[in-house]
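There are 2 protein chains.
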Amino acid sequence: MNAQPRRICLVGVGLIAGSLGLALRRAGAVTEVVGLGRRSEPLARARELGAVDRYSLDPAEALAGSDLVVLGVPLGAIRGVMAQLRPWLTDDTVLTDVGSAKGCVVGDVKAALGHFPTRFVPGHPIAGTEHSGVEAAFATLFQGRRVILTPTADTSGDATATVQWMWECVGAEVITMSVEHHDRMLAITSHLPHLLAFGLVDMLSRAPDHEEILRYAAGGFRDFTRIASSDPVMWRDICLGNREAVLDALAGYRRDLEALAELVEAADADGLEAVFRSAKQTRDAHLHWFER
Amino acid sequence: MNAQPRRICLVGVGLIAGSLGLALRRAGAVTEVVGLGRRSEPLARARELGAVDRYSLDPAEALAGSDLVVLGVPLGAIRGVMAQLRPWLTDDTVLTDVGSAKGCVVGDVKAALGHFPTRFVPGHPIAGTEHSGVEAAFATLFQGRRVILTPTADTSGDATATVQWMWECVGAEVITMSVEHHDRMLAITSHLPHLLAFGLVDMLSRAPDHEEILRYAAGGFRDFTRIASSDPVMWRDICLGNREAVLDALAGYRRDLEALAELVEAADADGLEAVFRSAKQTRDAHLHWFER
Chain A
111 MNAQPRRICL VGVGLIAGSL GLALRRAGAV TEVVGLGRRS EPLARARELG
161 AVDRYSLDPA EALAGSDLVV LGVPLGAIRG VMAQLRPWLT DDTVLTDVGS
211 AKGCVVGDVK AALGHFPTRF VPGHPIAGTE HSGVEAAFAT LFQGRRVILT
261 PTADTSGDAT ATVQWMWECV GAEVITMSVE HHDRMLAITS HLPHLLAFGL
311 VDMLSRAPDH EEILRYAAGG FRDFTRIASS DPVMWRDICL GNREAVLDAL
361 AGYRRDLEAL AELVEAADAD GLEAVFRSAK QTRDAHLHWF ER
Chain B
111 MNAQPRRICL VGVGLIAGSL GLALRRAGAV TEVVGLGRRS EPLARARELG
161 AVDRYSLDPA EALAGSDLVV LGVPLGAIRG VMAQLRPWLT DDTVLTDVGS
211 AKGCVVGDVK AALGHFPTRF VPGHPIAGTE HSGVEAAFAT LFQGRRVILT
261 PTADTSGDAT ATVQWMWECV GAEVITMSVE HHDRMLAITS HLPHLLAFGL
311 VDMLSRAPDH EEILRYAAGG FRDFTRIASS DPVMWRDICL GNREAVLDAL
361 AGYRRDLEAL AELVEAADAD GLEAVFRSAK QTRDAHLHWF ER
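Taken in sequence, the protein lines are chains A and B.
As numbered in this note's numbering, residues 111 to 402 make up the first sequence, in order.
As numbered in this note's numbering, residues 111 to 402 make up the second sequence, in order.
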């Protein structure tokens, strides 16, 4: 049983892994948090901010004695990073990641290692902001938030318990579900909205008078498009990583917009009001889930 | 010159007119704010909250001696209200409204009166929340916000000056533009986003497992859909009132979503990143306009 690791290695120290390091160190949960990355600058900054105890650019040095390795890199980097770490992983090393799509992580890890390790527990903290990088990290990011773990049929129960323990140390509630279920749900509540917000602002940016149009945008527009200030590379990777579920969600939404356009075209007041009323009722009834 | 009216009549006391009444009374801008409506309950509440000095259900009584009449009713009620007020309007009465679309106001007022009065100045304060009703009103709602006035070619300059004075009294910045320009701009930054947010939550509400899906929604979803908690009747009226511009904006957006779907389908990483990057750059560069 490896439920309480002593040393945790964070691979990449962005908003999520940086916040995790801050929170684990504040909680005194582990003996040491080690940062691993390609460039020393963000790692040095992570140490200054208190997100890691020490850091290294050398996988051998960083992984030596680490019981738990958290991949905090973008989805598009998982495959390359796993190939680099491969020589230094032991049978005891528990691995997890923080990516927003899970099927592609399983696929990329398999592609890098030739198999999917029984001690790799895919994970996704439902937390974040539109900002990125360790400068945006804060220790309370996971307080009261949910973390989804998607162990496969072969995943070790001990490894899952270790990763669950880590997230509970930083105040999160852990839920377990299948990779497919995770990817379909998140496509609807997260990946599709990002695509829609990026799309709207992009459309606007191509209008010759977009400077003036934006001058008369109000709070509704600001909030609707907040996620369009998110990291373009990260969201490119998520949309492509969860490509099929995102395409399904987008296709369903495009059919709905066609129906809405027909209601407006036909000036169907009752039909339009029914759609708006159903949406308001659903959102108001579930506000307690996501206003926490 | 009628630039400083002594008595203002608010027709309807919802979020916008209620906040206007609170702010005008706090500023000591006028001698009296009179509320007019169909039901005494919200009017009595408006008086309790300090949004009006007195109120009446009788247009003759409420309009007597009022220099300026502000229509705070939903767009769908403008025509009926103007027909009811008609017998008590004098040549000196300055009128304005607060509707989110302006072409339909001009049309409905013409339909009710047989002409569009030279002392009617269509207006739209770019302010509000997803809440409605006088309970949600607050005196600082217009502080630092923009108010668009859309006088027609025949509108009296004095009347426009009076309405501008009123909005400046409550801390707003007043801009003047054509009805058509207003309606096209707001279709993109406000009406379309509302339609998109209502549409997404409605789609979700029809998924059998929407309770569970919403449980894993995060801050991004909360903000993206905040406007889907807006008043369904008000937004039905706005979408139909500004029908042509809304249909144009929606058609443009649907073409863009088709292009985005093709990028995802083709796994075109560079194309997708370019769209996301352009959107982020545009939003970040203009944040100062709408974060105030």
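Note that beta-carbon positions come from the ideal geometry of N, C-alpha and C, so glycine has one too.
Cβ neighbours of A/Asp293 in the same chain (closer than 7 Å, five flanking residues each side left out): In the first sequence, counting from the first residue as 1, residue 293 of chain A sits at position 183. Here the set comprises Ala211, Lys212, Gly213, Asn352, Ala355.
Quick check: what's the CA-CA separation for B/Glu283 versus A/Ser339? In the second sequence, the residue the question calls residue 283 of chain B occupies position 173. In the first sequence, the residue the question calls residue 339 of chain A occupies position 229. C-alpha separation (whole angstroms): 27 Å.
I want to see whether chain A comes within less than 9 Å of B/His320, judged by CB atoms only; does it? Translated into the one-based positions of the second sequence, residue 320 of chain B becomes position 210. For B/His320, the nearest beta carbon of chain A is closer than 9 Å to its own beta carbon.
When you compare the segment 309 to 326 of chain B with the segment 252 to 272 of chain B, are there three or more beta-carbon pairs, one atom per stretch, that lie closer than 8 Å? As far as the Cβ criterion goes, the segment 309 to 326 of chain B does not touch the segment 252 to 272 of chain B, which means the pair count is below three.
Provide the residue span of the alpha helix (DSSP H) that contains A/Asp218, from first to last. For the purposes of this step, residue 218 of chain A is taken as residue 108 along the first sequence, with counting starting at 1. Looking at the DSSP string, the run of the alpha helix (DSSP H) that includes A/Asp218 is 213 to 223.
Within 9 Å of any Cβ in chain A, is that where the Cβ of B/Ala317 sits? Against the second sequence, residue 317 of chain B aligns to sequence position 207. Interface residue, yes.
Looking only at its chain, what residues have a beta carbon closer than 7 Å to the beta carbon of B/Ile298, apart from the 5 residues adjacent to it on each side? Counting from 1 along the second sequence, the entry for residue 298 of chain B is found at position 188. Within the same chain, Ala359 come within 7 Å of B/Ile298 by CB-CB distance, once the 5 residues on both sides are set aside.
Consider the Cβ of B/Cys214: report whether some Cβ of chain A lies at a distance smaller than 9 Å. Within the second sequence, the letter at position 104 stands for residue 214 of chain B. No, B/Cys214 lies away from the interface with chain A (no Cβ there is under 9 Å from its Cβ).
Proximal chain A residues relative to B/Trp345, where beta-carbon distance stays under 7 Å: Translated into the one-based positions of the second sequence, residue 345 of chain B becomes position 235. B/Trp345 reaches chain A at Phe386, counting residues in chain order whose Cβ is nearer than 7 Å.
By the three-class DSSP mapping on this structure, what secondary structure does A/Met111 have? Against the first sequence, residue 111 of chain A aligns to sequence position 1. With a pLDDT of 44 at A/Met111, under the threshold of 50, the predicted position of this residue should be treated as unreliable, though the coordinate-derived value follows. Note: A/Met111 maps to coil in three-state DSSP.
Would you decide whether A/Ala137 is buried or exposed? Buried here means 16 or more other CB atoms lie within 10 Å of its CB. Along the first sequence, one-based indexing puts residue 137 of chain A at 27. Result: exposed.
Looking only at DSSP bridge pairs, what is B/Thr286 linked to? For the purposes of this step, residue 286 of chain B is taken as the residue at position 176 of the second sequence. According to DSSP, B/Thr286 bridges with B/Leu259.
Are any of the Cβ atoms in chain A nearer than 9 Å to that of B/Val374? In the second sequence, counting from the first residue as 1, residue 374 of chain B sits at position 264. Put simply, the CB of B/Val374 is near chain A, with a gap under 9 Å to one of its CB atoms.
Scan the segment 319 to 341 of chain A for residues whose Cβ lies nearer than 9 Å to a Cβ of chain B and list them as they occur along the chain. With the criterion set as a beta carbon lying under 9 Å from some beta carbon of chain B, the members of the segment 319 to 341 of chain A are Asp319, His320, Glu321, Glu322, Ile323, Leu324, Arg325, Tyr326, Ala327, Ala328, Gly329, Gly330, Phe331, Arg332, Asp333, Phe334, Thr335, Arg336, Ile337, Ala338, Ser339, Ser340, Asp341, in sequence order.
Taking B/Leu370 and A/Leu367 to be in contact with their CB atoms under 8 Å, please state how far apart those CB atoms are, rounded to whole angstroms. Position 260 of the second sequence holds residue 370 of chain B. Position 257 of the first sequence holds residue 367 of chain A. The Cβ separation is near 13 Å, so there is no contact.
What residues from chain B crowd round A/Ile258, counting only those whose CB sits closer than 9 Å? Numbered from 1 along the first sequence, position 148 holds the residue referred to as residue 258 of chain A. Here the neighbours are Tyr326.
Out of B/Ala317, B/Asp319, B/Ala307, B/Leu181, which one is the CA nearest neighbour of B/Ile118? Stepping through the second sequence from its first residue, residue 118 of chain B is reached at position 8. Closest option to B/Ile118, Cα to Cα, is B/Leu181.
Could one say the Cβ of B/Asp201 lies closer than 9 Å to chain A's Cβ atoms, at least one of them? As a position in the second sequence, residue 201 of chain B is number 91, starting the count at 1. No Cβ of chain A is located within less than 9 Å of the beta carbon of B/Asp201.
Go through its chain and collect everything with a Cβ distance to A/Met111's Cβ below 6 Å, but skip five positions before and after it. In the first sequence, the residue the question calls residue 111 of chain A occupies position 1. Because the pLDDT at A/Met111 is just 44, under 50, the model does not fix this residue reliably, and the value given afterwards should be weighed accordingly. These residues qualify, in order along the chain: Asp268.
Does any residue of chain A bring its CB to less than 9 Å from the CB of B/Val356? In the second sequence, residue 356 of chain B corresponds to position 246, counting from 1. By the rule that beta-carbons nearer than 9 Å mark a contact, B/Val356 touches chain A.
Proximal chain A residues relative to B/Val144, where beta-carbon distance stays under 7 Å: Reading the second sequence from its first residue, position 34 is the one you call residue 144 of chain B. Taking a Cβ-Cβ threshold of 7 Å, none of the residues of chain A is close to B/Val144; the smallest such distance is about 29 Å.
Counting only beta-carbon separations shorter than 9 Å, does B/Leu223 have a partner in chain A? By one-based count along the second sequence, residue 223 of chain B stands at place 113. Not closer than 9 Å to any Cβ of chain A, the Cβ of B/Leu223 fails to qualify, so no.
Proximity to B/Pro115 [Cα-Cα], best of B/Gly160, B/Gly209, B/Ser315, B/Gln274: Here the question's residue 115 of chain B lines up with position 5 in the second sequence. Of B/Gly160, B/Gly209, B/Ser315, B/Gln274, the residue nearest in Cα terms is B/Gln274.
Kindly indicate which three-state DSSP category A/His378 falls into: helix, strand or coil? Translated into the one-based positions of the first sequence, residue 378 of chain A becomes position 268. The question names His, yet the displayed sequence has Asp at residue 378 of chain A. Coil.
Within chain A, partners of B/Glu283 - CB distance below 9 Å: The residue given as residue 283 of chain B occupies position 173 in the second sequence. B/Glu283 does not reach chain A, its nearest Cβ partner there being about 11 Å away, counting only Cβ pairs nearer than 9 Å.
So is the beta-carbon of B/Arg353 under 8 Å away from any non-hydrogen atom of the ligand GDP? Although the ligand GDP was asked about, the structure shown includes no ligands whatsoever.
Taking 9 Å as the CB-CB cut-off, is B/Arg393 touching chain A? Position 283 of the second sequence, counted from the first residue, corresponds to residue 393 of chain B. Closer than 9 Å: yes.
From B/Leu125 to B/Pro261, what distance separates their C-alpha atoms? Indexing the second sequence from 1 puts residue 125 of chain B at position 15. Indexing the second sequence from 1 puts residue 261 of chain B at position 151. Straight-line Cα distance between these residues: approximately 24 Å.
For A/Met276, would you say it is in contact with chain B, using Cβ-to-Cβ distances shorter than 9 Å as the test? Stepping through the first sequence from its first residue, residue 276 of chain A is reached at position 166. For A/Met276, no CB of chain B lies under 9 Å from its own CB, so it is not counted at the interface with that chain.
I'd like the span of the beta strand (DSSP E) that includes A/Asp207, first residue to last. One-based indexing of the first sequence puts residue 207 of chain A at position 97. Annotation: the continuous beta strand (DSSP E) that includes A/Asp207 extends over 204 to 207.
Hey, quick one: how far does the alpha helix (DSSP H) through B/Val311 stretch, first residue to last? Position 201 of the second sequence holds residue 311 of chain B. For B/Val311, the enclosing alpha helix (DSSP H) has its first and last residue at 302 to 315.
For B/Phe230, write down the residues that DSSP places opposite it in a beta bridge. Here residue 230 of chain B refers to the residue found at position 120 of the second sequence. BP columns for B/Phe230 point to B/Leu205.
Can you give me the C-alpha to C-alpha distance between A/Arg157 and A/Val143, rounded to a whole angstrom? Within the first sequence, the letter at position 47 stands for residue 157 of chain A. Within the first sequence, the letter at position 33 stands for residue 143 of chain A. In a straight line, the C-alpha of A/Arg157 is about 10 Å away from that of A/Val143.
Alpha carbon to alpha carbon, how far is A/Leu302 from A/Pro232? Give it in angstroms, no decimals. Position 122 of the first sequence, counting from 1, holds the residue named residue 232 of chain A. Position 192 of the first sequence, counting from 1, holds the residue named residue 302 of chain A. Using only the alpha carbons, I get a separation of about 21 Å.
CB contact flag (B/Ala337, A/Gly330, <9 Å): Sequence index remark: in the second sequence, residue 337 of chain B carries index 227 (1-based). Sequence index remark: in the first sequence, residue 330 of chain A carries index 220 (1-based). Per the sequence shown, residue 337 of chain B should be read as Ile rather than Ala. Yes. Within cutoff.
Counting along the chain, where does the alpha helix (DSSP H) carrying B/Leu130 start and finish? As a first step, residue 130 of chain B must be located in the second sequence, where it is residue number 20. Following the DSSP letters along the chain, one finds B/Leu130 inside the alpha helix (DSSP H) bounded by residues 125 to 137.
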